[in-house]
Amino acid sequence: MDNNRKAFWLWFLQRGSAALLLGILAVHLFHVHYAEFGKPILFSGAALRLKDLVYFSVVALLLLVGLFHGLNGLRAISLDY
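Each residue of the sequence shown is one higher than the one before, starting from 944 at the first, in our numbering.
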């Protein structure tokens, strides 16, 4: 793959990961902070939520997409300099 195609796909994935991050973050924030509004967030509740495969997958996807987005952004910034 030549450099221009690689640069395009990394640019495209950066924008796509940003959109995906916004969506996943909105779901995560609603589920954790607003679904049970007024109840304190405790370790036992968080541990119980992480046993659910769907919730664990959402958190893992949030972490992986955020990591890719951040590292790809650092790569782009370092190449600009």
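Cβ atoms here follow ideal geometry from the backbone N, Cα and C, with glycine treated the same way. Small disclaimer: the values here were computed from a predicted structure and weren't measured.
Three-way DSSP call (helix, strand, coil) for residue i in this model
i, result
"isoleucine 1020", "helix"
"alanine 990", "helix"
"glycine 966", "helix"
"alanine 961", "helix"
"glycine 981", "coil"
Assigned exposure category for residue i - 16 Cβ within 10 Å defines buried
i, result
"serine 895", "Nothing can be reported for residue 895: it is not among the residues displayed for the chain, which extend from 944 to 1024."
"serine 987", "exposed"
"serine 960", "buried"
Check: residue i C-beta below 6 Å from any heavy atom of the ligand PLP
i, result
"tyrosine 1024", "Annotation note on the ligand PLP: not contained in the displayed structure, which lists no ligands."
C-beta atoms of residue i and residue j nearer than 7 Å
i, j, result
"valine 1008", "leucine 963", "yes"
"histidine 971", "leucine 1005", "yes"
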